[in-house]
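The numbers in the sequence shown follow the numbering used here, run straight up by one, and end at 125. In what follows, a single structure is set out as structure tokens and then discussed.
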Amino acid sequence: MGAKSRRKGASGERELAELARAYGFAEAKRSLAQARDGAERDDINDALPGLWSEVKRYKVAPIQRAMRQATEAAAANGNARGAVAFTRSNGGPWLATTSATLFLALLATRERLAVENARLEAALRETLESAKRIERSA
């Protein structure tokens, strides 16, 4: 990987970490350990509970077209809830893509609710495990 590509990746990781901090994830920062020892690390220092963060920045990523269409259609139809683009490659799993701001707002809300009510956290774990079982059986 060239130096320009590494700088672009590092810049994207810093941008996302800054955005995550704005949503209350104070520990969010670019994970420097990966650069030092070559081991795979979460790109923003395991700051988003229960999630692995992989940050990619492209001039125009293919998924951007689907997301732009979802966003424009939501706005044109008066949908203020946010847009999600669901995509799947042939033979691959379904993926859900949304804006980082909507995702982080949803994740921050989840964290606040988990602190207030431990039962919600247990229910989420059960739902995620169920989704994994369904994905494995599909």
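Where is the CB? At the ideal position from N, CA and C, for every residue including glycine.
Bridge partners - residue i, DSSP secondary structure assignment
| i | result |
| --- | --- |
| residue 82 | 74 |
Enclosing alpha helix (DSSP H) for residue i [first to last residue]
| i | result |
| --- | --- |
| residue 16 | Counting along the chain, residue 16 falls outside any alpha helix (DSSP H), and DSSP gives it neither H nor E. |
| residue 38 | Counting along the chain, residue 38 falls outside any alpha helix (DSSP H), and DSSP gives it neither H nor E. |
| residue -4 | -10 to 9 |
Residue i burial status per 10 Å Cβ neighbour count (16 or more: buried)
| i | result |
| --- | --- |
| residue 17 | buried |
| residue 121 | exposed |
| residue 102 | exposed |
| residue 118 | exposed |
| residue 3 | buried |
| residue 63 | exposed |
| residue 90 | buried |
| residue 34 | buried |
| residue 105 | exposed |
| residue 15 | buried |
| residue 9 | exposed |
| residue 7 | buried |
Simplified DSSP assignment, three categories, for residue i
| i | result |
| --- | --- |
| residue 91 | helix |
| residue 54 | helix |
| residue 121 | helix |
| residue 28 | coil |
Any non-hydrogen atom of the ligand FAD within 6 Å of residue i CB
| i | result |
| --- | --- |
| residue 29 | Because no ligand of any kind appears in the structure shown, any question about the ligand FAD cannot be addressed here. |
Nonlocal neighbours in the same chain, by C-beta distance under 6 Å from residue i, ignoring five residues either side
| i | result |
| --- | --- |
| residue 70 | 57, 58, 61 |
| residue 11 | 95 |
| residue 1 | 17 |
| residue 40 | 29, 30, 31 |
| residue 88 | none |
Chain-order list of residues whose beta-carbon lies under 8 Å from that of residue i (same chain, five-residue window excluded)
| i | result |
| --- | --- |
| residue 86 | 54, 58, 69, 70 |
| residue 75 | 81, 82 |
| residue -5 | 44 |
Contacting residues, own chain, Cβ-Cβ under 7 Å from residue i (five flanking each side not counted)
| i | result |
| --- | --- |
| residue -3 | 17 |
| residue 52 | none |
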